[in-house]
Amino acid sequence: MAVFTATTWVDDTEQTVSASACRVKCIEVFPNEAQANEVYLQIWDVVDPDPGTTAPMMVLRIPTADSQGNATVGTWTTSGGSSRKMKIVFSGYGLVFTTACTILCTTTVSGQTAATTTSLPKLVRVYYQPHA
6 MAVFTATTWV DDTEQTVSAS ACRVKCIEVF PNEAQANEVY LQIWDVVDPD
56 PGTTAPMMVL RIPTADSQGN ATVGTWTTSG GSSRKMKIVF SGYGLVFTTA
106 CTILCTTTVS GQTAATTTSL PKLVRVYYQP HA
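Mapping the sequence shown onto this note's numbering, position 107 (from 1) lands on 112, and the numbers just tick up by one.
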């Protein structure tokens with residue numbers, strides 16, 4: 006299984022998890038403890054989406070630091086005593102991407118404005134397998 010890791014985000018430039026068809030098995034989000042605003046992890050089944058124009062396949066809400074215990078998707082867990090993460094597992098065959106898998110953290114559900122540095126997650130990991 007391959008693991009894509011994103012720790013930095015530049016403007017509204019999306020990150021390519023896989024440039025070809027794949028199955029996503031799990032997504033882990035390690036939030037920023039200073040995060041005062043919600044951010045959204047947009048996920049596309051295209052190689053080069055135009056954020057704000059290309060509709061995402063899925064959007065995951067990353068809640069603010071003071072509400073992270075109330076995540077609506079996945080579960081927040083403690084790792085090593087201080088770091089929390091949101092883990093979303095796609096059971097069975099996984100979440101299928103027929104073209105590619107691309108992600109971006111934004112300030113709105115379907116917008117193109119990249120989140121500010123203090124609102125961005127520290128780390129996003131996507132566990133995936135290329136289609137055979």
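Glycine included, each C-beta is placed from N, C-alpha and C at the ideal position. In this text the structure is predicted, and so the values were computed from the model without any measurement.
By DSSP's assignment, TYR132 forms a beta bridge with VAL8, CYS31. Contact between the segment 57 to 69 and the segment 7 to 15 is absent, with fewer than three C-beta pairs closer than 8 Å. The shortest C-alpha to C-alpha distance from VAL101 to any of VAL129, ASP50, VAL22, LEU128 is the one to ASP50.
Look at THR21 here: in three-state DSSP terms it is strand. C-alpha of VAL29 to C-alpha of PHE95: approximately 7 Å in a straight line.
Pairing CYS110 with PRO126 gives a Cβ-Cβ distance under 8 Å.
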